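Before any comments, here is the structure.
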Amino acid sequence: MAMSLAAKLIARACGRERVTPGEIVTCRVDLAMFHDSSGPRRLQPMLEQLGARIWDRNKVVLVMDHYVPERSEDARRIVRIARDWAREQQLPHVYDSIGICHVVVPQHGHIRPGMFCVGGDSHSPTGGAFGSYMFGVGSTEMLGVVTTGEIWVQVPRTIRMRWRGRLSRGVTAKDMMLAMIGRFGMNGGAWQAVEFTGEAVRALPMHERMTLSNMSAELGAQVGLIEPDEVTRDWLAAHGAPGVEIAPWHSDPDSADEEHGFDAATLMPQVAAPFSPANAAPVNQHVGTVIQAAYIGACTGAKLEDLRFAAQVLRGRHVAPGVRLLVAPASHADRDAAIVEGTLQVLQDAGAQLLPSACGVCAGYGDSLAADETVISSTARNFKGRMGPPSTRVYLASAYTVAASALAGRIADPREVLA
Amino acid sequence: MKAAHRVWRLGAEVDTDALAPGAWMQHGIEVIARHCLEALRPDFAPGVRPGDVIVAGPDFGIGSSREQAAAALRQLGVAAVIAPSFAGLFFRNAFNLGLLLLTCPGCERIGEGEIIAFDARAGRVTRADGDVLPAEPIPPFLLEMIEAGGLLPQLKRRFEQRTSP
C-alpha cells in the first residue's frame, strides 16, 4: 500500500515497517523544543514532583523568546527561571534572546528531514518545511516527553494541497496560506497531516516554505509537511546541518487521502479581517480601510524573505503621516543579514521603527497594540484581544501588503506599488 | 442516570486566547481562571459552579498550545466541554489536564442553562427532556487518563513504580 510522507515519518519514529491512518502508536522523539513560557517555568516544578530527569538533554532545545526582552517583574522572574534551570540542567542547546524559536531552531540545523519532533508551541509545525514530523504540545505533555522520550500519536490522514503554476509578483506563501485557511477554516486540517506540494511550492525558498508549514497551525493540522529537496538540503548545509538525506522522505504516488488543487498564477494578495485568519479574502475587498499601525513581525511574517518583500515596496518611499510601521525581525540572524544587504536601511529610511527579535505583540504576553486601533500585520492570528485590547482590530496579510498599506495609510494592494 | 450538570452555552471557534488571555499568562492558574472567557462571556468566570458544563459550537479550542486554556476550565470546576468538534492540540491538552471533552455532533440543540447528564464511556449526552445525543467514543487510554486526573498523576505512578524496590 502507498505510504504518505507523514506515515513514513511516523513509521520510522515508532520502529515499524508501515503504519496506517487511524492507528495509535508510540513514537520515540528526536527533538523536544520549548520556550521560556511553555518550558522551564512549567516543567521544573512538575519534574521536581516526579523526581524525574530529562531523558536526553542533547535532544532538548530551549529558546527564550516570549518574555524577552524583560519589561516587567513577572517577565524577569519567568526568564530567570528559564536561565537558572538551563544552567542547573546543563542544557547544551539554549538560545537566549536571539529570536523566535520556530526560526532560531532550524537556523542552527536542529531540524532535519526524517526527524520526529515536538515543540511546546502551537506554531511547531514550522518544522514540517524541512520534512520533519513536528507538532505542538502543551507543557504537561512536554513533561511526558522530557521524562520518557516518547509520545503517542494517531497516524493522520494526508490532505494534499497541490499548487500548480507560479506566484505572481507581490504574492507570497502567506497569501497561499490565508487563501487555504479562508477556504477550509481554522479547523479544516482536523488535526491531520497537510502536505504542500506542486510546482509553486517547489519554487519557494526555504523561508517561504516555513511560512506555509508555520500557518498549518491556523489550518488546524497537526503537521504541515513539504517534501525535502535540493532547496532544503542546501539551506540546511548553510545552517550547520550538511549532507542530510532527502531521498527517503517523499510521499508515494496515490498516498493522499484527499487532494485539493490551487492555481498560484491567479492568486491575489489576501487579507484576513478581524477576528479570525479564516476571514480571508482578496485584498481588493478591504482596500481603503484606514489603519493606524502596520506590524511586520513574528515567526510567520518577519524572516529575511519577508523583510525583503517589505523593502521592495518601501524603497525610496515613506510611510503615511500618522502611521506607525513596526518591524520586529524574526531572529538576529535575519536582522543581521538584512543589515548587511541593506534591506533594513531601506525599511528604516521609510520610517520603520525597529523592535527586538522576539514574539513581541504577536504573543500578546506583555507588549500590546493600542486600544481602538486598526492594524495590518504580517503575523498569524488576529483573535479578539490577542495582540491588544478587545477593541484593537487586526488585519492579517503578507509583508508586501503590510508595507504597501503603511505607505497609503489604508489597506492597499502591493502590486500597484510594485508595478 | 448520571449527575446533572448546568449548561453554559458558547458559540463556534472559542479560542485559547479567550480561555486563557495572554495578558494574564505570566500568572498562576488561579489568576488566569478568573479571566477565563472574559472577552466573550464576562459573566462566566464569576458565575460558573463546580460541575457545570460548557456546550459550544464547532472547533472549540483553536489557537495556541497554552494548556492553561484547559487548566483554567478545570480550575473553575467545569465537568466537561461538549462540542461538535475540537482543535487537536486543545484536545490533547484537555485530556492531559484531566478535562473531559465530548465530541457530540448534535449538541448545538442544547440551550443555555439546560440541565443535562452525560456518560463518557457509553458515549452519550442526555438532555433534560430525555433526548439522547450520541457522542464519539473516546479511546480507553484517554478515559483512563481522565479517571487518573490527567497525565501528571499517571506519570507520578509510573515513576514511583520505577523507583520503588
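Same order as they appear, the protein sequences are chains V and P.
When we follow our numbering, the leftmost residue of the first sequence carries the number 2, and every step to the right adds one.
When we follow our numbering, the leftmost residue of the second sequence carries the number 192, and every step to the right adds one.
For each residue, glycine too, the CB sits at the ideal point set by N, CA and C.
Keep in mind that this is a model prediction, so the values were computed, not measured.
Within 7 angstroms (strictly less), CB to CB, does residue i reach chain V?
i, result
"M192/P", "With a pLDDT of 47 at M192/P, under the threshold of 50, the modelled position of this residue cannot be trusted; read the value that follows with caution. Cβ-Cβ to chain V under 7 angstroms: no for M192/P."
"L293/P", "no"
"D234/P", "no"
"F350/P", "yes"
"G279/P", "yes"
"I253/P", "yes"
"Q217/P", "yes"
"D250/P", "yes"
"D310/P", "no"
"E335/P", "no"
"D243/P", "no"
"G314/P", "no"
"E393/P", "In the structure as shown, chain P starts at 192 and stops at 356, and residue 393/P therefore has no counterpart that could be examined."
"L342/P", "yes"
Rounded to whole angstroms, what's the CA-CA distance from residue i to residue j? Just pull it up for me.
i, j, result
"W199/P", "V244/P", "6 angstroms"
"A14/V", "I152/V", "10 angstroms"
"E231/V", "P114/V", "12 angstroms"
"A404/V", "D253/V", "41 angstroms"
"L51/V", "L290/P", "21 angstroms"
"G199/V", "M135/V", "21 angstroms"
"Q286/V", "T149/V", "51 angstroms"
"T207/P", "A261/P", "8 angstroms"
"M116/V", "R232/P", "42 angstroms"
"T375/V", "R387/V", "13 angstroms"
"S98/V", "I301/P", "48 angstroms"
"E142/V", "G297/P", "30 angstroms"
"R225/P", "G241/V", "46 angstroms"
"M336/P", "F286/P", "7 angstroms"
"H251/V", "I227/V", "9 angstroms"
"Q155/V", "P93/V", "31 angstroms"
"V245/V", "A239/V", "12 angstroms"
"D337/V", "P270/V", "28 angstroms"
"C360/V", "D368/V", "9 angstroms"
"L228/P", "A209/P", "5 angstroms"
"R309/V", "E74/V", "36 angstroms"
"M178/V", "I253/P", "17 angstroms"
"Y396/V", "A331/V", "19 angstroms"
"A247/P", "G202/P", "5 angstroms"
Quick check on this structure: which residue in the options has the alpha carbon closest to the alpha carbon of residue i?
i, options, result
"N188/V", "V80/V, P107/V, T375/V and S277/V", "S277/V"
"P391/V", "N383/V, A398/V and L397/V", "N383/V"
"H208/V", "V146/V, K60/V, C300/V and H251/V", "C300/V"
"V347/V", "C360/V, V320/V and A371/V", "V320/V"
"R325/V", "R387/V, T344/V, S406/V and T267/V", "S406/V"
"E89/V", "Y401/V, R58/V and D75/V", "R58/V"
"A353/V", "D368/V, A371/V and L327/V", "L327/V"
"C363/V", "E204/P, A194/P and P212/P", "P212/P"
"P357/V", "R165/V, S378/V, A381/V and I297/V", "I297/V"
"A87/V", "V69/V, G40/V and D122/V", "G40/V"
"P237/P", "A263/P, E258/P and Q259/P", "A263/P"
"P241/P", "L228/P, R265/P, V222/P and G248/P", "R265/P"
"D148/P", "E305/P, S256/P and G254/P", "This structure leaves residue 148/P out entirely; chain P is present only between 192 and 356."
"A218/V", "L63/V, Q108/V, G120/V and I292/V", "G120/V"
"L419/V", "I82/V, S123/V, F35/V and V172/V", "V172/V"
Does the CB of residue i have a neighbour CB from chain P at under 7 angstroms?
i, result
"M187/V", "yes"
"P357/V", "no"
"T141/V", "yes"
"Q354/V", "no"
"S123/V", "yes"
"F35/V", "no"
"D75/V", "yes"
"P391/V", "yes"
"P46/V", "no"
"Y366/V", "yes"
"L370/V", "no"
"G137/V", "yes"
According to DSSP, which residues form a beta bridge with residue i?
i, result
"R165/V", "D264/V"
"I307/P", "H196/P"
"Y296/V", "L327/V and S378/V"
"Q354/V", "L327/V"
"E215/P", "It is Trp, not Glu, that sits at residue 215/P in the sequence shown. DSSP lists no partner for W215/P."
"M34/V", "V62/V and G120/V"
Taking 6 angstroms as the line, does the beta carbon of residue i fall inside it for any heavy atom of the ligand FMN?
i, result
"S140/V", "Of ligands this structure carries none, so the ligand FMN is not represented either."
Going residue by residue through the region 47-120 of chain V, where are the continuous beta strand (DSSP E) segments of at least 3 residues, counting only ones entirely within it? 61-65, 95-97 and 117-120
Please specify which runs of the alpha helix (DSSP H), each continuous and at least 4 residues long, are wholly inside the region 238-310 of chain P, giving them in chain order. 259-266 and 279-287
- Minimum length 4: unbroken alpha helix (DSSP H) runs contained in the region 212-297 of chain V: 231-238
Checklist entry - Taking any Cβ of chain A, which residues in the region 291-321 of chain V have a Cβ under 8 angstroms from it, in chain order? => result The structure shown contains no chain A; the protein chains it does contain are V and P.
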